[in-house]
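Student:
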Amino acid sequence: MRIRLPWITRTDRARWRAARSIADLGHLTALWLEGEVASHPSCATPNYGPDKETAHLVPILAAANRAGYLTDNSQPGLIERGSDGDLWEQRAAVIGWIHRDNQQLVRCITTAARDAGLLVCVDHPGSDIPVTKVDGQDYTIFGAVPPEYLRVLWSARLIDRDLFTTLTNAASITVVDPQYGRDSLLWPVLTKALAHHALVLPTGIRLEGTVFPASSCIDLPNATPQP
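If you count the sequence shown from 1, position 146 lands on 146 in the UniProt record's numbering, and the numbers rise without skipping.
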């Protein structure tokens, strides 16, 4: 039986505190998605990974994070009954940040999404998009995160002060499928948008025994999500 501690381990805390760029946060988030890092600053419960419903999205979400799109929240499109009998309807959706200097990636994702008929929100806190309904009533919204809420997601104990400032100035990108229950459009569109984009390597954090220089980049491998 695996014991889950109610606090972030020293190792994970040191990893997140060592991050100095959005690329660093993206790589650590990818490792968390893949189970290599136990805790994520924006996850309310330490030592827990992503929800089971997003397991099939891990390859594309990890690729997006390694390409410079730091994802904060995502969900698949689905329609199902909960254990209490309530009807849950979800739109496929993802929200995250991209460094302001990386306008090529911003355009790549937003253009591909709009061309496919997806809903796109760039910055503009308050421009919220409903993504989940329970028995026909709006339950969850995605959209640009207000700066004051960023500190709730990224605790001062776990992120460098200067990096937090960089994050508050980053472009907030939200992409949502307008059709509830559909899970076959957004993820292939995001995969295609990232397919030819250079992988942004971390600037100083140690990953699997190797420290990459800031100027390094390699090709992003194609990742095909499950429908």
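C-beta: ideal position from N, C-alpha, C; glycine also.
I need the DSSP call for W97, collapsed to helix, strand or coil.
Tutor: Correct three-state label for W97: strand.
Student: Just to confirm, are residue 268 and A171 a CB contact at a threshold of 8 angstroms?
Tutor: Only positions 1 to 227 of the chain appear in this structure, which leaves residue 268 out of reach.
Student: Under the three-state reduction of DSSP, which class applies to Y149: helix, strand or coil?
Tutor: Three-state result, Y149: helix.
Student: Just tell me which of S83, L70 and D128 has its CA closest to the CA of V106.
Tutor: It is L70 whose Cα lies nearest to the Cα of V106.
Student: So, helix, strand or coil for Q104, using DSSP?
Tutor: Note: Q104 maps to helix in three-state DSSP.
Student: On the premise that P41 lies in contact with L150, defined as a C-beta separation below 8 angstroms, what is that separation, rounded to the nearest angstrom?
Tutor: 11 angstroms between Cβ atoms; not a contact.
Student: On a Cα-Cα basis, can you pick out the residue from I173, A55 and P130 that is closest to W88?
Tutor: Here the closest residue by C-alpha is P130.
Student: Using a Cβ-Cβ cut-off of 6 angstroms (strictly less than) and excluding sequence neighbours within five positions of P50, which residues of its own chain qualify?
Tutor: Once the five neighbours on either side are set aside, the close Cβ partners of P50 are L33.
Student: In the DSSP assignment, the beta strand (DSSP E) including T174 goes from what residue to what residue?
Tutor: Per DSSP, T174 belongs to the beta strand (DSSP E) from A171 to V176.
Student: Please report the straight-line C-alpha distance between A67 and T11, rounded to a whole angstrom.
Tutor: Taking the straight line joining both Cα atoms gives about 24 angstroms.
Student: Who are the Cβ neighbours of A112 in its own chain at under 8 angstroms, not counting the five residues just before and after it?
Tutor: Answer for A112: V189, L190, K192 and A193, listed in chain order.
Student: Does the beta-carbon distance from D160 to R17 come in below 8 angstroms?
Tutor: It is a contact, given that the beta carbons lie within the stated cut-off.
Student: What are the partner residues of L71, as DSSP defines its beta bridges?
Tutor: According to the sequence shown, residue 71 is Thr rather than Leu. BP columns for T71 point to G96.
Student: Does the distance from the C-beta atom of A92 to that of D24 stay below 8 angstroms?
Tutor: Their beta carbons are not under 8 angstroms apart, which means A92 does not touch D24 by this criterion.
Student: Let me know the secondary structure DSSP gives R206 once reduced to three states.
Tutor: Annotation note: pLDDT 48 at R206 (below 50); position unreliable, coordinate value reported separately. Three-state DSSP puts R206 in a strand.
Student: Where L31 and E80 are concerned, what is the direct C-alpha to C-alpha distance, given to the nearest angstrom?
Tutor: In a straight line, the C-alpha of L31 is about 30 angstroms away from that of E80.
Student: Counting along the chain, where does the beta strand (DSSP E) carrying V37 start and finish?
Tutor: Note, V37: premise wrong, no beta strand (DSSP E); not H, not E.
Student: Taking the alpha carbon of G26 as the reference point, which residue from T45, I60 and N47 has its own alpha carbon closest?
Tutor: Comparing Cα-Cα distances from G26 to each of T45, I60 and N47, the minimum goes to I60.
Student: Considering Cα atoms alone, identify which of R114, A116, D72 and G82 is closest to I98.
Tutor: Cα-wise, what sits closest to I98 is D72.
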